[in-house]
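**Student:** Residue numbers (the working numbering), protein chains in the order written: chain E, 544 to 720; chain S, 17 to 259; chain Z, 25 to 155. Structure incoming, see below.
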């Protein structure tokens, strides 16, 4: 079996579980717990969400969703090795937790490991284009500290077509990477 | 009516291991737009290499109050006023605060700069240095729209709020961000659309100031430029096409 | 980082102290929310643990075991156990002041698994009863 790995990582409420559920062909293995703080929803991922896409009988892409807070670094370890792609989800409307983002990029080091990487901005439904553009610039300047040249795209994690853009983009990056 | 225009440059605060990241930029724009709409102020904001450049224009008192508030704002530091002048017409009508990524290519900005050129010539060395982060003063060099025989490279991925995301565009960006490629190879590969489509994309990249066009000679690439696993790429592409 | 404002009742502090002083084999006892925030924990000096990382680990492991249990046994997990030569680590769900929590206990091998399970259950039940 030729199995590649895609890691989806992001802050609380960014849409990791939803994205994996939208993309996965199997019923995802989810590890959500009731949230004890106000994050705008009842449940939050505390373990690994796992989903899978079969490309043919022998080739699969495993989808691993892990929490983005750095206290969950031991879970990052699980997914770190030989990644096909790294997706960082950023929720529009929240100011990104810059220190955490920095730790995450240091940990996964997409430039050094030549990992195809992209940042997906979620929850953009009611956003003004110019504000998404501003958030894109914020994200790009954090990426540039790490020398990472990666696309920042808008994604609706609930929508299959939109979520698939992530796979398409990572596939294109891997082709020339 | 006489309008007051202030142009200033400031530094983003050091917030990540000594680096200056424009944290909360979207919130800054959002709040500025709301407040400026109430006070009749218009303008633009841009960020580059750890620095902000902002231009505000409006009623004399309103601009004075706003600039005082800007100087006290803790989200940036080292505010340096580059220009404080009066004009008869607005340069940024309808923009209560527009964020611009490639300011040197913005026609309304360029028009204002040529109108205030005499002031720019009088700038001190320090102010000139700061201002040159955003505008080299020449700005008028026409882009070479003929890419024949040239090599191309992207300095960054485009801002997808400015250009429509499509599979072809993404493939082209992935290729041009990975290294310098010859225009001939891009055309020949057939992966990136027709010549007209490719040229349109390239011109849009030029407008965003992210395309480098050079005379560098690139050896012809084989296998469609593949560097990664071709088998997995094809399987994934097939999967995505079939939906 | 946001974290829940949780009242630390004296009863809870005493309960932890009591259990750990009565059973010297227990090297770690912690109460954290199921979404990974520390409420109160005790750890022997010999252990080098950061409370927030321990809480995150407890929430993940408990969530993984609960999810596996639901999928394979169609029932919620009651206790999750990790055994090693150095001792046993147990996780159990509890309810502290109406917040869903995980109790994590690490005990040296000279405390039998049965003893550890018994101590854990009694502790979790008492936590549930704190008003």
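For glycine and all other residues, C-beta sits at the position ideal for the given N, C-alpha and C.
#1: Please name the residue in S:229, S:44, S:61, S:181 whose C-alpha comes closest to that of residue 167 of chain S.
#2: Taking a Cβ distance cut-off of 9 Å, strictly less, list which residues of the stretch 573-606 of chain E are near chain Z, in chain order.
#3: Please work out which residues of its chain come closer than 7 Å, Cβ to Cβ, to residue 156 of chain S, disregarding the five sequence neighbours upstream and downstream, and give them in chain order.
#4: List, in chain order, every chain E residue whose beta-carbon is nearer than 8 Å to that of residue 59 of chain Z.
#5: I need the straight-line Cα distance from residue 100 of chain Z to residue 571 of chain E, nearest angstrom please.
#6: Looking only at DSSP bridge pairs, what is residue 592 of chain E linked to?
#7: Ignore the nearest five residues each way along the sequence and tell me which others in residue 220 of chain S's own chain have a CB closer than 7 Å to its CB.
#8: In terms of alpha-carbon separation, which member of S:199, S:109, S:224 lies closest to residue 215 of chain S?
#9: Does the beta carbon of residue 113 of chain Z sit closer than 8 Å to a beta carbon anywhere in chain E?
#10: Inspect the CB distances between the stretch 674-694 of chain E and the stretch 23-42 of chain S and report whether three or more fall short of 8 Å.
#11: For chain Z, check one thing: does any of its Cβ atoms lie closer than 8 Å to the Cβ of residue 632 of chain E?
#12: Starting from residue 37 of chain S, find everything on chain E with Cβ-Cβ shorter than 8 Å and list it in chain order.
#13: Looking only at C-alpha atoms, which of Z:98, Z:55, Z:83 sits nearest to residue 67 of chain Z?
#14: Is it true that the CB of residue 150 of chain S sits closer than 8 Å to the CB of residue 60 of chain S?
#15: How is residue 714 of chain E classed by DSSP in three states: helix, strand or coil?
#16: Give me the subset of the stretch 240-255 of chain S whose CB atoms are less than 7 Å from a CB atom of chain E, sorted by chain position.
#17: With DSSP as the reference, identify every bridge partner of residue 547 of chain E, one or two as the case may be.
#18: Is the CB of residue 618 of chain E under 8 Å away from at least one CB in chain Z?
#19: With a threshold of 8 Å between beta-carbons, can residue 696 of chain E be considered close to chain B, or not?
#20: What first and last residue would you give for the beta strand (DSSP E) that runs through residue 42 of chain Z?
#21: Using the C-alpha atoms, what's the distance from residue 56 of chain S back to residue 44 of chain S?
#22: My parser needs the alpha helix (DSSP H) runs of 4 or more residues fully inside the stretch 173-249 of chain S; what are they?
#23: Helix, strand or coil: how does DSSP classify residue 120 of chain S here?
#24: Tell me the rounded alpha-carbon separation between residue 128 of chain S and residue 176 of chain S.
#25: Under 7 Å Cβ-Cβ, which residues of chain E neighbour residue 40 of chain S?
#26: Against chain E, with Cβ distances strictly below 8 Å, would residue 191 of chain S count as a contact?
#27: Which class does residue 131 of chain Z belong to by DSSP, given the choice of helix, strand or coil?
#28: Answer yes or no: does any C-beta atom of chain E fall closer than 8 Å to that of residue 121 of chain Z?
#29: By Cβ distance below 8 Å, which residues in the same chain neighbour residue 82 of chain Z in space, the five residues on each side in sequence not counted?
#30: What alpha helix (DSSP H) runs, 4 residues minimum, are completely inside the stretch 46-102 of chain S?
#31: Could you say if the stretch 694-706 of chain E and the stretch 547-565 of chain E meet the contact criterion of at least three C-beta pairs nearer than 8 Å?
#32: Tell me which residues share the same chain as residue 654 of chain E and place their Cβ nearer than 7 Å to its Cβ, disregarding the 5 neighbours each side in the sequence.
#33: Rounded to whole angstroms, how far is the Cβ of residue 263 of chain S from the Cβ of residue 106 of chain S, which I believe are closer than 8 Å?
#34: Would you list, in chain order, the members of the stretch 707-719 of chain E that have their beta-carbon closer than 7 Å to a beta-carbon of chain S?
#35: Kindly say whether residue 615 of chain E, judged by its beta-carbon, lies nearer than 8 Å to any beta-carbon of chain Z.
#36: Nearest-angstrom Cα distance between residue 194 of chain S and residue 234 of chain S?
**Tutor:** Well, looking at it:
#1: Among S:229, S:44, S:61, S:181, the Cα nearest to that of residue 167 of chain S belongs to S:229.
#2: Listed in sequence order: 573, 574, 575, 576, 577, 578, 579, 580, 581, 582, 586, 587, 588, 589, 590, 591.
#3: Summary for residue 156 of chain S: the model assigns pLDDT 49, below 50, so the residue's position carries little reliability; its value from the coordinates is reported in the next sentence. Once the five neighbours on either side are set aside, residue 156 of chain S has no close Cβ partner at all.
#4: Near residue 59 of chain Z (Cβ distances below 8 Å), the residues of chain E are 576, 577, 578, 579, 580, 587, 589.
#5: Here the C-alpha atom of residue 100 of chain Z lies approximately 18 Å from the C-alpha atom of residue 571 of chain E.
#6: Residue pairing by DSSP places residue 592 of chain E opposite E:608 in a beta bridge.
#7: Hits under 7 Å: 179.
#8: Measuring from the Cα of residue 215 of chain S, the nearest candidate turns out to be S:199.
#9: Answer no: the Cβ-Cβ gap between residue 113 of chain Z and chain E never drops below 8 Å.
#10: In the pairwise beta carbon analysis, the stretch 674-694 of chain E is classified as touching the stretch 23-42 of chain S: at least three pairs are separated by under 8 Å.
#11: No, residue 632 of chain E lies away from the interface with chain Z (no Cβ there is under 8 Å from its Cβ).
#12: Under the 8 Å cutoff, chain E gives 641, 681, 684, 685, 688.
#13: Comparing alpha-carbon positions, the option among Z:98, Z:55, Z:83 lying closest to residue 67 of chain Z turns out to be Z:55.
#14: It is not a contact, given that the beta carbons lie outside the stated cut-off.
#15: It is helical.
#16: Cβ contacts with chain E come from 241, 242, 243, 244, 248, 249, 251, 252, 253, 255.
#17: DSSP links residue 547 of chain E through a beta bridge to E:604.
#18: Yes, because at least one Cβ of chain Z sits closer than 8 Å to the Cβ of residue 618 of chain E.
#19: This model lacks chain B altogether; the protein chains it does include are E, S and Z.
#20: In this chain, residue 42 of chain Z is not harboured by any beta strand (DSSP E); it is covered by the alpha helix (DSSP H) spanning 34-46.
#21: In this model, residue 44 of chain S and residue 56 of chain S are separated by some 17 Å (Cα to Cα).
#22: The qualifying runs are 183-194, 199-205, 211-223.
#23: It is helical.
#24: Rounded to whole angstroms, the separation of the alpha carbons of residue 176 of chain S and residue 128 of chain S is 28 Å.
#25: Result: 638.
#26: With respect to chain E, the C-beta atom of residue 191 of chain S has a partner C-beta closer than 8 Å.
#27: Correct three-state label for residue 131 of chain Z: strand.
#28: Answer no: the Cβ-Cβ gap between residue 121 of chain Z and chain E never drops below 8 Å.
#29: Taken in chain order, the residues that qualify are 54, 56, 60, 115, 126, 128.
#30: Counting whole runs of 4 or more residues, the stretch 46-102 of chain S contains the alpha helix (DSSP H) stretches 76-88.
#31: With a cut-off of 8 Å, the stretch 547-565 of chain E and the stretch 694-706 of chain E count as touching, because enough Cβ pairs lie within range.
#32: Its chain contains 689, 690, 691 as the residues whose beta carbon lies nearer than 7 Å to that of residue 654 of chain E, once the 5 sequence neighbours on both sides are disregarded; these appear in chain order.
#33: Coverage of chain S is limited to positions 17 through 259, which leaves residue 263 of chain S absent and any answer about it impossible.
#34: Listed by position, the residues of the stretch 707-719 of chain E near chain S (Cβ gap below 7 Å) are 707, 708, 710, 711, 712, 714, 715, 716, 717, 718, 719.
#35: Taking Cβ atoms only, chain Z reaches closer than 8 Å to residue 615 of chain E, which makes this a yes.
#36: Their Cα atoms are separated by approximately 14 Å.
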